[in-house]
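What follows is a single structure, written as structure tokens, with notes after it.
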Amino acid sequence: MDRTTSSTILLIDSDPSDLQLVLPILSSAGYGVTVVTHESGAIESLLQELPVLILLQVSSVQEQGLSLCRTIREFAEFQAIPVIFIVEANDTDSIVKGISLGAVDYLTRPLDSQTLLRQVQFHIRLNAFMFNTQEQTELLTKEVKGCVHIESQLLKLLLELERRVEERNSQLSIVLNELQRTQQELLAREQKLRHANFHDALTGLPNRCWLMEYLPALIQSANQNPRNHFAALSIDLDRFKTINDSLGHLVGDELLKNVALRLQASLSPMSTVARLGGDEFIVLMEQIESIQDAIALAQQIQIQFQLPFQINDYEIFIGASVGITLSIIGYQSPVEVLRDAGIAMSQAKQAGHGCYQVLTPERKARAIARLQLETDLRQAVERQEFYLEYQPIYGLATGELKGFEALVRWQHPSRGRVAPTEFIPTAEEIGIIDRIGMWVLKESTRQLSHWQQEFPNIPLVMHVNLSAKQLKQRELVQQIEAFCTEMRLSHNSLKLEITESCFLESSSEEINLLHQLRDKGIRLCIDDFGIGYSSLGRLQNFPMDTVKVDRSFVKRLGKSSRETEIVHTIVNLAHNLGLDLVAEGIETAEQLQTLQQLGYEQGQGYYFSRPLNRHLATQLVMSSALN
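Last residue of the sequence shown: 761 (my numbering), numbering continuous.
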């Protein structure tokens, strides 16, 4: 098809919002539109029909559109087709790359219908103009060639050709200068419009539109990383309507400007204040460590508002009610954040002027409890709130006491005993599990040392759980060696338990660290074997001495021959690899008998004993020594 007569525009875009806007505008202007949503079909479409213009979606993040633009310019028959690309407003990298690849212009999101149609029509006309100039030049050149033997006619034609070329070049220069000026005006207008769309005209602060665009990334970051939690404070001025009505809107506007300045002066670099409208403001506090951070800011704002505002000839006192909501709740959208902050602010107003309230009732309790748990956990080691209990491990064949597993417990000063299932995952999330783990190692080795000195004839082994984060510490081997030296403890009386999943996810550095531990004589045990759906065959290359079979296998013993056969298979594989076996969760005599028959060496569980405090465990060791 002749591109001079074509009225078809090729739209290469996969964004539904772009399609929804562009198609009706171009169609109503009389253009046919061919839509290609995947880059793979673009060249095929071009080979079938040459469009008068190409609209191309471009993104520098995934090189989307840029490679296609480069490919289009490699085809001689496509080089004359003007390409306008669609790009995000802040994607300057794509703008620069696109122009360098031969694009004639660009449009930024959100698309403006008038700008879209104006630039499309302009470049179609400009391209037609340049094409006609080329055709006339080619016709004149042919005329010159046809009269090669007539010198006078040739000279005349050449002079005419030069005149026309100069004339066209002059016209083209004017057009290009005008295009550049128009582009600069459009860019400045677009930037001004964007600023106006996302900022409050009165105070200059970010507005609701800005919050709706900024909050999604903040919410996603907080949901993925507990260190990125944020707080939203909704601030509403007390008695503002009375002041506005009695002193006039001009005074009210000046008061709002001064309130904005005072709020900005109260904030840290990690906080932002925005105006929702009227006398309502929102403060976003990013990367908070505790709810106390948000409460402290609310109190600081209220102290600042105790000072009068000097507006014209008026000295105005105005308070502020503050509602606080926290991202720990697990928000999914900006609407939820602003809604809950508003609810909390309403509760603050109900409590009286100049008050603050954290979101209530249910979400408030959940959020405060979680953040308080994090705060308390950070203080628990320094306050010595952790203690150890010891669960006995017995030889199944002889019934002799073989050792203990050290289990960390937390006695909260106000909540009482906190379940490990509640605080250990939280400790892992906030990054203090390594500190707790080191404390457990030191305390358990100290206790074992006491028992060995008091009862030297009983060769006890202390089992201590090691977290995945501890395995990443390069100084782990040196720390454990220091503990053993300080406590005069032989290395082979310490057995470190590492979960099955931790073994399988270990890096080469971590595996090397495990080899170092084992080379020092420290024994290693794979804990909770069976819940990770691996096989002993996969684990045979890891340094280990013991397999501790998960309690779920023990619990199912005797319920079917299949379950018993699985446990029997584990026994055979472990023994073939030179590993001994410990069964955990033994609760009945029948389970014990089955495990004895299967060949398990050791076991632990409520059938023998619950975890014991230090004094009861010492009595058990003493009793074993006497027997």
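All residues carry an ideal CB built from backbone N, CA and C; glycine is no exception. Keep in mind that this is a model prediction, so the values were computed, not measured.
Exposure of Met-135, with buried meaning 16 or more beta-carbon neighbours within 10 Å = Unreliable positioning characterises Met-135 in this predicted model, as indicated by a pLDDT of 43, which lies under 50. The coordinate reading is nonetheless provided below. Result: exposed.
List the endpoints of the continuous beta strand (DSSP E) containing Val-762.
-> Past the boundaries of the shown model lies residue 762; the chain is included only from 135 to 761, so the question cannot be answered.
Going by the CB atoms, is the gap between Thr-168 and Thr-205 shorter than 8 angstroms?
-> no
Taking the beta strand (DSSP E) that Ser-686 falls in, what are its first and last residues?
-> Note, Ser-686: premise wrong, no beta strand (DSSP E); alpha helix (DSSP H) at 685-689.
Cα-Cα separation, Ser-627 to Gln-354 = 46 angstroms
Distance, Thr-619 Cα to Val-610 Cα = At residue 610 the sequence reads Leu, which differs from the Val that was named. Going from the Cα of Leu-610 to the Cα of Thr-619 covers about 14 angstroms.
Which residue or residues does DSSP assign as beta-bridge partners of Asp-714?
-> Thr-680
If Ala-553 sits next to Val-598, beta carbons under 8 angstroms apart, how far is it from one beta carbon to the other, in whole angstroms?
-> The Cβ separation is near 20 angstroms, so there is no contact.
Are the Cβ atoms of Val-385 and Asn-311 separated by less than 8 angstroms?
-> no
Rounded straight-line distance, which links the Cα of Phe-415 to that of Pro-350 = 19 angstroms
Check Met-346 in the structure and name its three-state DSSP category.
-> helix
Exposed or buried, Gly-550, counting other C-beta atoms within 10 Å across all chains shown (16 or more means buried)?
-> exposed
Ignore the nearest five residues each way along the sequence and tell me which others in Pro-360's own chain have a CB closer than 7 angstroms to its CB.
-> Glu-563 and Ile-564
Indicate the three-state DSSP secondary structure (helix, strand or coil) for Gln-736 in the structure shown.
-> strand
Mind listing, in chain order, the continuous alpha helix (DSSP H) runs of no fewer than 4 residues lying wholly within the stretch 421-493?
-> 425-438 and 468-485
Cα separation between Ser-719 and Leu-726?
-> For clarity, residue 719 is Gly in the given sequence; the question names Ser instead. Those two C-alpha atoms are separated by around 10 angstroms.
The stretch 567-583 / the stretch 648-667 touching (three or more Cβ pairs under 8 angstroms) | no
Which of helix, strand or coil does DSSP assign to Thr-316?
-> helix
Exposed unless 16 or more other CB atoms sit within 10 angstroms - verdict on Ser-368 | buried
Phe-742 (DSSP reduced to helix, strand or coil) = coil
DSSP beta-bridge partners of Pro-554 | Answer by DSSP bridge pairing: none, since Pro-554 is not bridged.
Starting from Gln-545, follow the alpha helix (DSSP H) in both directions and report where the run begins and ends.
-> Looking at the DSSP string, Gln-545 is not in any alpha helix (DSSP H); the run it does join, the beta strand (DSSP E), is 535-546.
Which residues in the same chain as Phe-663 place their Cβ atom closer than 7 angstroms to its Cβ, once the five residues preceding and following it in sequence are excluded?
-> Glu-634, Val-681, Lys-682, Val-683 and Asp-684
Going by CA-CA distance only, name the one from Leu-397, His-383, Pro-547 and Gly-382 that's closest to Asp-370.
-> Leu-397
Helix, strand or coil for Leu-235 per DSSP?
-> coil
Residue closest to Ile-215, alpha-carbon to alpha-carbon, out of Ile-233, Ile-188 and Leu-200 = Ile-188
Integer-rounded CB distance, given that Val-417 should sit under 8 angstroms from Leu-401 = 7 angstroms
Whole-angstrom Cβ separation of Leu-251 and Leu-336, contact assumed at under 8 angstroms?
-> 34 angstroms between Cβ atoms; not a contact.
Whole-angstrom Cβ separation of Tyr-528 and Lys-536, contact assumed at under 8 angstroms?
-> 6 angstroms
Euclidean distance between Cα positions of His-329 and Pro-340 | 9 angstroms
Check Thr-83 in the structure and name its three-state DSSP category.
-> The question about residue 83 has no answer here: the residues shown for the chain are numbered 135 through 761.
Look up His-702 in the DSSP assignment and say whether it is helix, strand or coil.
-> helix
Cβ-Cβ separation, Ala-223 to Thr-242 (assumed contact under 8 angstroms), whole Å = 4 angstroms
Which same chain residues, not among the five before or five after Arg-580, have their C-beta less than 7 angstroms away from its C-beta?
-> Met-621
Pick helix, strand or coil for Arg-373, following the three-state DSSP scheme.
-> coil
According to DSSP, residues forming a beta bridge with Gln-198 = Ser-193
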